[in-house]
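For the sequence shown, this note's numbering gives the first residue as 6, with consecutive numbering after it. See structure below.
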Amino acid sequence: RYVGKDYSSAQEQMEDEMKAYYNQNSTGSPAQSLSIGQLVAVHAEEEAWLRARIISLEDNRVYYVDHGFTEFVESNSVCSLQKQFRLLPFQAAKCKLAGLEAFCDDPVLVKAVESQTCFKIFAVEILEKSDIPLLVLYDTSGEDDININSTCLKALYDKSLELHLQVDALYTNVRVTSVSSDGSLYCQVPSKGLSRLSEILQKLEDYFLYKQTSEFNVLLPFCGKICLFLSKGKWARVEIKIIHTRRALDVQFMDSGTVATVKVSELKEIPPQFLREVIAIPPQALKCCLADLPPNTGMWTPDAVLWLRDAVINCPEFSMKVIKQDASKGIAHIYLFAPENFPDMDRSINRQIKNADLWKHQKDVFLSVAPGGTSSTKAIGDAVSALQLSSGKLEKSFPDSGREPGSAVSAVDMPPPLPLPKPGDLMDIYVSVACHPGHFIVQPWNELNNLYALMEEMILYYSRAEEKPVNIEKNKLYAAKIGDEWYRVIIKGILRNGFLSVYELDYGKHEFVSIRKVQPLLDTFRRLPFQAITAQLAGVKNQQWSEEASIVFRNLVEKKPFVAQIQAVNDSTNSWDRKIVTFLVDTSLPHIDRWIHDFVSQSLVEFSKGD
């Protein structure tokens, strides 16, 4: 059932009205001559009355149309369903959970779905709208969102193939498959599961020799879906983790732990005859961290990660000793040894790294550790204070233009300027950021597809490119990873503790990013003009806008399309210095155009006067 005003709330109100009506009138409205398919009101437990459909006359079985289950009922508990209780659509909606369709008759899976889902509230992603929609469910009640489809699929793991590391146990022929940016490792340990995986992947390789792999293209990707990916000539199991665009997504290799950005076209469905075998093998990559190193308080610097990768990735095998298991985080604390050094603790990888020059100063290892143990959050706060952000208004520290007086970027580095409309012209635009009527950012609507295509290419390139230290200079152009996307930015400030203040040249936002998330901006990504245009609303007096007025204006226009009627244009050499003064017209209503400056003049000006 869907939760909300027009769904669960409306149903509860209707059932309260049914209870009041039938408790008074049940003797006066018994159902006459019942028939299969007939809608009725049924007296259920605790004086409740529910809508139901007759599905069997022999045993008086009914289906509760708002709750989705069947029940045998006494004939004297059934009444005619009055007209006023037929207005609300049936609330029990049948659906399918994506990725589980092939196993819908498996009692183990059915039990897992029931235990994970019944009587709980979820966020739902609808992948395919149909009579029986295809869904992904997310449990958002905890600190992290849990993909229920993916969780239920784990119930099909073959328990005999699971590997549980034992504390104080020694393991040989261990292979380190991946090193993450927080210093954690993924390892493969010889096991029955790893042998079984090799067998099934060889079967798949033999199968695809005689098949067109295009038959198995993934047409409907979703988070948690398990697919096949051809890596270095070998098929591997991957799980989709993040979908960036229709073309680009992030996957995690289930058996090495590596995360990569790939094209949707590179993923393949698991052939049906191999599906159960492939799903049954638990992931063979075990997450570990090196024991007894200084406490990890944040992301490692690129130099520290490269040091660790060089130390472990190129070695074909290791031995390891498990010191402890952190079940809550699913990570094992280990000592790692090159075979010739096992089991000499002083010659372990742990001790080698601990004694390396790199580790003599924590600032060389952890990005977010400042002298005196300052955390990254406090460091950003200090940086913000240093920039004199007053009254919580970002624009007071950054001029509307997004640049400092006297700063400049070489014309050679710049893409061609975005053509600006002339006064009086009409232009379809999208408002990406809105501070207040005197300062907001628009993008040309007809260029948005080109911008999205560019960002897809940036995601694919930078997510695969090797991470390297970058020489950072103010007022220079770079690519920066903000959230899960890559943006074209200009550096506005170099802050303490490895953070930068940047301005997004296509979206007009100011952000703080870690220096390790900034890379050179390739020439191929400089061809599209920067898309952010600074704007001011025409038809209203320029003034100091109150916080309340700014919030109302932001909710009114941000992330929405409009028609802009240009009143004035202030051109400049740098794209972020250009500014338009424009009317905004909302044309989304069927019979009337709404001029935003009229609303601002009548409503928001009063807010600011009151302030």
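For each residue, glycine too, the CB sits at the ideal point set by N, CA and C. Just so we're clear, the structure is a prediction, and the values are computed from it rather than from any experiment.
Residue i at chain B interface by Cβ criterion, 9 angstroms
i    : result
D315 : No chain B appears in this structure, which consists of one protein chain only.
Rounded straight-line distance, which links the Cα of residue j to that of residue i
i    : j    : result
A201 : D260 : The amino acid occupying residue 201 in the given sequence is Arg; Ala does not appear at that position. In a straight line, the C-alpha of R201 is about 12 angstroms away from that of D260.
N451 : Y508 : 23 angstroms
K481 : L139 : 46 angstroms
W54  : M23  : 6 angstroms
K584 : D528 : 26 angstroms
D603 : R532 : 38 angstroms
M432 : D598 : 15 angstroms
A337 : D591 : 56 angstroms
V518 : C440 : 21 angstroms
G544 : S577 : 23 angstroms
S353 : S324 : 10 angstroms
T302 : D187 : Residue placement at T302 is poorly supported in this model, since its pLDDT is 46, which falls under 50; the coordinates still yield a value, given next. Distance between the alpha carbons of T302 and D187 is about 9 angstroms.
Q570 : I496 : 32 angstroms
V8   : F124 : 12 angstroms
L233 : I275 : 6 angstroms
L190 : R180 : 10 angstroms
E204 : D211 : 11 angstroms
H169 : A332 : 11 angstroms
Y492 : A241 : 30 angstroms
N665 : E52  : Shown here, the chain extends from 6 to 616; a query on residue 665 therefore has no answer.
L158 : P112 : 12 angstroms
R521 : K546 : 43 angstroms
V264 : N65  : 55 angstroms
In DSSP terms, what residue i is bridged to
i    : result
M23  : In DSSP, M23 forms no bridge with anything.
D331 : I336
Y435 : Q448, P566
N152 : Y143
T266 : D255
L44  : R58
N575 : K584
S13  : Per DSSP, none; premise fails for S13.
E79  : E79 pairs with nothing; no bridge assigned.
C294 : H338
L323 : The identity of residue 323 in the sequence shown is Phe, whereas the question assumes Leu. For F323, which the question treats as bridged, DSSP gives the partners V179.
Q541 : V586
A128 : Y143
H441 : H444
Residue i - DSSP class collapsed to helix/strand/coil
i    : result
S519 : strand
C157 : helix
S506 : strand
F3   : The structure shown has nothing for residue 3, since the chain only spans 6 to 616.
L92  : coil
H72  : coil
T592 : coil
H602 : helix
R314 : helix
L341 : strand
K4   : Examination of residue 4 is not possible in this model, given that the chain is present from 6 through 616 alone.
K244 : According to the sequence as given, residue 244 is Glu; it is not Lys. E244 falls in the strand class under three-state DSSP.
Q278 : helix
P112 : helix
T529 : helix
V283 : helix
K273 : strand
Q524 : strand
L102 : strand
Cβ-based neighbour list, residue i, same chain, cut-off 8 angstroms, excluding 5 preceding and 5 following
i    : result
Q171 : V327
R6   : Y12, S13, Q16, D71, H72, G73, Q96, A97, A98
G335 : K292
E478 : I496
Same chain, Cβ closer than 7 angstroms to residue i, neighbours up to 5 away in sequence not counted
i    : result
L93  : A15, Q16, M19
I248 : P226, C228, L254
N355 : L295, A296, D297, L298, Y340, L341
L313 : V184, G188, I358
P5   : The chain is shown only over 6 to 616; residue 5 falls outside these bounds and no answer can be derived.
K268 : R252, A253, L465
Q607 : none
Proximity test, residue i beta-carbon vs the ligand HEM heavy atom, cut-off 8 angstroms
i    : result
G198 : The model depicted lacks the ligand HEM and carries no ligand whatsoever.
6 angstroms CB neighbourhood of residue i in its chain, flanking five on each side removed
i    : result
Q448 : Y435, S437, Q536
Could you give the uninterrupted runs of the alpha helix (DSSP H) lying entirely in the region 162-238, keeping only those of 4 residues or more? 197-213
At 3 residues or longer, and completely inside the region 444-519: list those beta strand (DSSP E) runs for me, N to C. You should have 444-449, 482-487, 490-499, 504-509, 515-519.
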